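These protein sequence lines map, in sequence, to chains L and V.
Using my numbering, the first residue of the first sequence is number 1, and each one after it goes up by one.
Using my numbering, the first residue of the second sequence is number 286, and each one after it goes up by one.
All C-beta atoms in this analysis are idealised placements derived from N, C-alpha and C, irrespective of residue type, glycine included.
Just so it is clear, the structure is predicted and the values come from calculations on it, not from any experiment.
Notes for the one structure printed next.
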Amino acid sequence: MKPAAFVRHVPRTLDEALKILAQVAPQDGRVLAGGQSLVPIMAFRLAKPAHLVDINEVEGLDRISNDGKLLSIGARVRHAAFHKSVVENPLGLLLTEVARHIAHYPIRVRGTFCGSLAHADPASEWCLVAATLDATMVAKNTRGERPIAAKDYFQGIMSTALAEDELLAEARLPLLASDAKFGFNEFNRRAGDFAMAASLVCYRLQGGKIVEPRVGVGGAEPCPRRIAEAEAALNGKAPGDAVFRAAAEAAASAVEPLEDHQTTGEYRRDLVRAVVRRALEQSIT
Amino acid sequence: MTAPAKFVGRSVPRLEDRPLLLGQGRFAADISFPGQWHMRVVRSAVAHGKITSIDATAALKLPGVHAVWTHAHVAHIPRIPFRLTRIEGLMPYQQPVLAEGVVRYVGEPVAVVFAIDPYVAEDAAELVEVSIEPLRATLLATEQPGVFEHELTTEAGVVRKAYGDVEAAFRAAHAVVALELSVGRHSGVPLETRGALARYDESRDILEMHGAAKVPHWNRDSLAQMLGRKRESVQLFEGHVGGGFGIRGELYPEDVLVCAAALKFRKPIKWIEDRREHLIAANHSRDQHHRVRAAIDAQGQILAIEDEFFHDNGAYMRTHAATVPDLAAAMLPGPYRVPAYRATGRIRLTNKTPCGTYRAPGRYESTFVRERLLDAIAAKVGVDKVEIRRRNLIAKSAMPYTLGLETLGTHIVYDSGDYALLLNKALAAADWKNLQEQLRQRRHAGEKVGAGVAMFVEKSGLGPFDTVRIEVTPAGIVEVITGVASIGQGVETVIAQICADALGVDYAGIRVIHGQTDRIDKGMGAFASRVTVMCGEATRLAAVKLRDKALRAAAELMQTDAAKLDIVNGAIVATSGSAGPSMPLAELARSLPGGLSAEDTFESGHMVYPYGVHVAVVRVDAETGGVTIERYCVAYDIGKAVNPKLVEGQIAGGLAQGIGGALLEEFLYDENGEPLSVTFADYLMPTAREVPELAILVLEDAPSPLNLLGLKGAGEGGVNPVGAAIASAIDDALERPGAVTQLPVTPQRLKAIMAAAR
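Here it is, written out as C-alpha cells:
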C-alpha cells in the first residue's frame, strides 16, 4: 500500500495550477485537494498518476461566498467548514445537517466539498446535495471556464463531465427560500460509512400545501438525482404520513438500483423507500 | 507466609501506559537497523491454480532491487510446523513458506522481493510476472470433499468427541430439536499489522528476529529447527504489540522468510504488512457450519446432544492445526448437564485464507450453536428461555465437574462454579423482569425490540507450566523475567501486582520482562487466557521464594531470626515495629556475592473454567434490517480479579469484537474465490458508535481451587457468547424463536428473514 512514484506540483495561483494541469493531464495528472479519496486509491495502486497538482497552496480557492442568490464554494473548502452554518439561509442549516454524516471527523477536516464532487462516488452526500439542489459546477482550464449543471455533470459511478485538464474550481448552490423545509436521511451499516441509500428532500409550503418539491436520492444508482415521480407525489399535497409514504413508494419504484454481492436490487429499493420517507419526516420535525 | 494483599484486587493504573500515551511505543515498524533491506511479498491473485512460470527479470532490472526469491530459493526450508492439537493426518496440509507449484488462496506468497526501500520493493513486486493456470476453486466446506493433492482430499481431518449412549438417549427422547446454524468467517484485526525484522550477527553467530509476539519461545524453537540452527543461536524479541487476539504472533511464512534472507544476504531484512495484506494473509477464523440435534424430555431437560460440523479452515493447516474445531467440539456442552454427547468436526480445506484461532476460538461458534439450541428447546416445550436454562444448569454441588472430554491435552474438569447464582445476578443487574414488561409494551406499540440471554463456560490458564525468575538488581529494581508475552492486555501491571504483594514491594517499582528469549530459556507465551493464571502463580511462587531467601540472608547480616523480619515497601524491617533496623532490598542485593534472585515454576495439568452470562437488548429496524444494540450486560465470574479495571477492559474489548462477528464483520468471497473484504470499507469493524454502553459485573464467587489466589483468566469472556445473545435478542424482537440461524446478521439477511415470515 505504498503509492507508485509521482511528481507533486505545488502551484500558488489558479493560473499556475491550470497551466500545470494542462501539461500533465495527458500523463494521468490529477488534482490533489484533501486527498481523502485519491490517496487511498493511490495506496492501493488502483490509480497511479504520474503527476499530482496539489492545490492546497492555491490562493483564493478556500473561499465561501454568497451574492444573495448563490452560495459559491471554492475548491479548497473542507467538509468541516460546514460544521457551522456558512450562510444565513436555510441552505446553511441544510449543509450543516448533511456534513455530520460525512465519514469521520479527521476526514472532514481534510476532505473538500469540491473534491467529493470531482470524485463522484455514488454515495457521496455532497453529490446528493448538488444533484438535489441543481448546483452548478464551475470547471476551469487554461482556455477559460464553463458552468456545468448538476444534471449534466454526474455521468456514472465516479464519472463526471469534467475534462482531464479541467479543475473543479467551485460549486454554486442556489440559496433556499427563507421558509424552505428540508430533511436528510441515510442508511449505512456503521456510522460514517458510505450510505447504502440516502435522500435529501426540500420544499416550501404554500397555504399548507407542498410546492417546489425536490426529492434527491443518492447511493442507490450510479449517480445521485432528483426523482420526478416522488416530487410529483408531493406537489400540491399537505405534508403528512400518507403523502410521504406515497412519495417514498414512488421513489422506490423509480430507481434502478445498484446491486452488489450482498445487496439485491429489491433490498436497495427497500432502503430508498425508508430513507425518502424518513427525510420527509425529518422535514416537518 | 504471605503479606496481606495491597495490590492484588485493586484497579491500580497500568504500568505499560506511559510510553504508549506519549507516542514512544516501539512497535515492529518502529524498529530499524542500518543497511536494512525491505521485503515485499508477491501474492497470488488467483484462488486456486498451477504456477506455470514466475518471471522476475523486469523486477530485478529495477534500480534498488537486490533479489527476488521464489520457492526454488527456499525449497530446503520445511513447511511451517504445528504448535497445538496435532491430530493425525494433518501434516501434508501444512503451508510452504512460498507456494510450491500450486497456489491455494488469493494472497498466498509466491515470491518475495528484497529492495532498498518499501516503495521500490512494491514497484518491483508488481513487475514479477506470475503465470497461473486456474483450477476450480473450492469455496464451500459443506460440499463433498474433493482432491487436495494426489490421494489427499480436502477433508484434512475429523475431530471426534463423545461420551455416553447418544443413540439410547435419542430413542428415549420425548422430542428432538434439530438446527442448522452457521458462523461467518471473521478474525482478529489488530490495529498493528504484522511485522518482522531479522538480522544476523556474524560475530556472535546469532540470528535475531524482532517483531515477535504471543509465543516467542515456540517460534524461536521452530525457526531454529526450520533453518537448521541451534536454538540458542536464534533469539526473538517482542516490542510493543498492537493487539494479538490469537492471530498475531503465530509463525507465518513471512517470519521465516525474513530470517532466511537475513542469513543468506547478511543484511537486516524488514517486512511490515500492509492492511490489505493483513486482511487476506493473516489467519482468518470462525467459519463453521453446524448440524445439531438435541434429545429432550418433556420438561426440556437435555438427554443428549449430537453435532456434526464443517470447519472451513481455508487453504492450509497452519500452526493451530485442529485447535479451533477441537475446542468447538469440546466446549459445546457448556454449563448444562448433557448426559450423552457426540461431536464430529470435519476440517475442510477451501481456497480461502488459512485459519487459526481468534479470541474464544471454537467457543464463539459452539456457544452460538448451544445457546440457539437452548432457545429452540424452550420454544419446543413452551417455557421461557431463562427457565429452560435453569432446568439444565450444572449444579454447584456437582463441582468439580468432569465433562468426560479432552482438549488441548487436558481433561476438561470444571474446577468451580455456581452457574445458577451467576444467572440470577446477571438477570438482576439487567432488571430482567421489568425489562420484559417494558419490551412487551414497546412491541405492543409497534416497535421491534427484544432481549436475549446467553450463558457459557470459558477455559483459561492452559499449562503445562510457566517459569518466572525474579531478580533484585543492584540499583534496587525488582525484575520479573518471564516467558509469557504482552499483546497489550496489561501483563506487566498484573504480574507486578502479584509480585508486589508476595514480595512486599511497591508494584510500580517492578519491571516485568517478557517476550525476550535471551532473558529466559523457556516460555509458553500469551494465549488461551493463560498469562494471569499460569505466570501469575509462578510469579507468586518465585516471589515467596525470593522473600524467604532475602529474609534469611538479611537475618544473617542483621544477626537476628528470619522469622522476626518482614519486607515492607521494599525494605527489610523487623516485625516487632518501627524501632528495629531496616535494610533496603537493593542494599541486601548488593551485599550478596551471588546477587538476590529466585526462580520457580508453576505446573498445571488442568485448565481453569470461568463462566459468564450476557444479556443483550436490541431494536430491529423493520424497514432497513438494521439492528441497534440498546443495552448490554455482562456478568463474568473469574474467581479472583487481580485488577478489576483491566478485567473490565478485557470484557469491553471482547464485546466489541463479538458485536463485529454478530452484526458486521465477514470475509466474503466471490464465486471465483476472489476476496471481497480487503479494506476497512468492506470488512466492517464496529466503531464506538456501534458499541453500546456496557454494564459489567466482575464476580469472584467461585475461586479456582487450582491456584492459591483462585485465579481464572478473563481474556475471552467478553466475546464468547455475543453472537448467541444478540441472535436471541433479535428472535425476541421479531417474536420468532429460531429466526436467526447465521452470523453475522447483516441488514440484508435480516430483511430476508423478515420477508420470509410474511
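Residue of the options minimising C-alpha distance to residue i
i, options, result
"residue 443 of chain V", "V/549, V/451, V/610, V/835", "V/610"
"residue 730 of chain V", "V/1018, V/666, V/820", "V/1018"
"residue 298 of chain V", "V/846, V/883, V/923, V/778", "V/778"
"residue 947 of chain V", "V/962, V/914, V/919", "V/914"
"residue 595 of chain V", "V/654, V/294, V/498", "V/654"
"residue 104 of chain L", "V/1022, V/1000, V/972", "V/972"
"residue 550 of chain V", "V/984, V/589, V/321, V/847", "V/321"
"residue 1029 of chain V", "V/469, V/376, V/402, V/414", "V/469"
"residue 19 of chain L", "L/96, L/278, L/144", "L/144"
"residue 619 of chain V", "V/648, V/996, V/316, V/981", "V/648"
"residue 968 of chain V", "V/559, V/471, V/991", "V/471"
"residue 697 of chain V", "V/684, V/707, V/553, V/1022", "V/684"
"residue 427 of chain V", "V/955, V/1015, V/572", "V/572"
"residue 1033 of chain V", "V/949, V/954, V/992, V/1013", "V/949"
"residue 963 of chain V", "V/597, V/637, V/581, V/352", "V/637"
Range of the contiguous beta strand (DSSP E) that encloses residue i
i, result
"residue 182 of chain L", "181-187"
"residue 206 of chain L", "197-206"
"residue 672 of chain V", "No beta strand (DSSP E) holds residue 672 of chain V; the alpha helix (DSSP H) holding it covers 670-677."
"residue 66 of chain L", "64-66"
"residue 414 of chain V", "414-419"
"residue 912 of chain V", "912-922"
"residue 1015 of chain V", "Not the beta strand (DSSP E): residue 1015 of chain V falls in the alpha helix (DSSP H), residues 1007-1019."
"residue 99 of chain L", "From DSSP, residue 99 of chain L is part of no beta strand (DSSP E) but of the alpha helix (DSSP H) over 90-99."
Beta-carbon spacing of residue i, residue j below 9 Å
i, j, result
"residue 236 of chain L", "residue 215 of chain L", "no"
"residue 691 of chain V", "residue 446 of chain V", "yes"
"residue 591 of chain V", "residue 324 of chain V", "no"
"residue 857 of chain V", "residue 870 of chain V", "yes"
"residue 273 of chain L", "residue 232 of chain L", "no"
"residue 334 of chain V", "residue 388 of chain V", "yes"
"residue 336 of chain V", "residue 417 of chain V", "yes"
"residue 741 of chain V", "residue 897 of chain V", "yes"
"residue 737 of chain V", "residue 543 of chain V", "no"
"residue 171 of chain L", "residue 73 of chain L", "yes"
"residue 937 of chain V", "residue 981 of chain V", "yes"
"residue 2 of chain L", "residue 407 of chain V", "yes"
"residue 842 of chain V", "residue 873 of chain V", "yes"
Bounding residues of the alpha helix (DSSP H) (the contiguous stretch that carries residue i)
i, result
"residue 719 of chain V", "717-729"
"residue 876 of chain V", "870-876"
"residue 82 of chain L", "No alpha helix (DSSP H) holds residue 82 of chain L; DSSP gives it neither H nor E."
"residue 550 of chain V", "538-550"
"residue 788 of chain V", "776-788"
"residue 894 of chain V", "It is not in any alpha helix (DSSP H) - residue 894 of chain V carries neither H nor E in the DSSP assignment."
"residue 561 of chain V", "560-566"
Counterpart residues of residue i in DSSP-defined beta bridges
i, result
"residue 160 of chain L", "L/154"
"residue 592 of chain V", "V/577, V/628"
"residue 136 of chain L", "L/149, L/172"
"residue 649 of chain V", "Answer by DSSP bridge pairing: none, since residue 649 of chain V is not bridged."
"residue 555 of chain V", "V/323, V/482"
"residue 960 of chain V", "V/954"
"residue 709 of chain V", "Answer is none; residue 709 of chain V lacks a bridge partner."
"residue 354 of chain V", "V/397"
heavy atom of the ligand MN below 8 Å from residue i C-beta
i, result
"residue 783 of chain V", "Only the bare structure without any ligand can be found here, which leaves the ligand MN out of the picture."
*Examine the Cβ distances between the segment 340-352 of chain V and the segment 508-518 of chain V and report whether three or more of them are shorter than 8 Å.*
no
Pairs of beta-carbons, one from the segment 421-429 of chain V and one from the segment 618-637 of chain V, closer than 8 Å: are there three or more? yes
- With a cut-off of 8 Å, do at least 3 Cβ pairs link the segment 1006-1015 of chain V to the segment 829-849 of chain V? no
- Taking contact to mean at least 3 C-beta pairs separated by less than 8 Å, is the segment 669-685 of chain V in contact with the segment 453-469 of chain V? no
Worksheet item: So does the segment 971-986 of chain V actually touch the segment 788-803 of chain V, counting three or more Cβ pairs closer than 8 Å?
Response: no
Does the pairing of the segment 890-910 of chain V with the segment 764-784 of chain V give three or more beta-carbon distances under 8 Å? no
* To do: Spell out a yes or no on whether the segment 558-575 of chain V and the segment 527-544 of chain V are touching, meaning 3 or more CB-CB pairs, one atom from each, closer than 8 Å.
  => yes
Q: Please determine if the segment 815-828 of chain V and the segment 775-794 of chain V are in contact, where contact requires at least 3 C-beta pairs separated by less than 8 Å.
A: yes
| said: So, does the segment 714-733 of chain V touch the segment 903-910 of chain V, judging by three or more C-beta pairs under 8 Å? | reply: yes
Q.
Using a Cβ distance threshold of 8 Å, determine whether the segment 186-198 of chain L contacts the segment 132-148 of chain L, with at least three qualifying pairs required.
A. no
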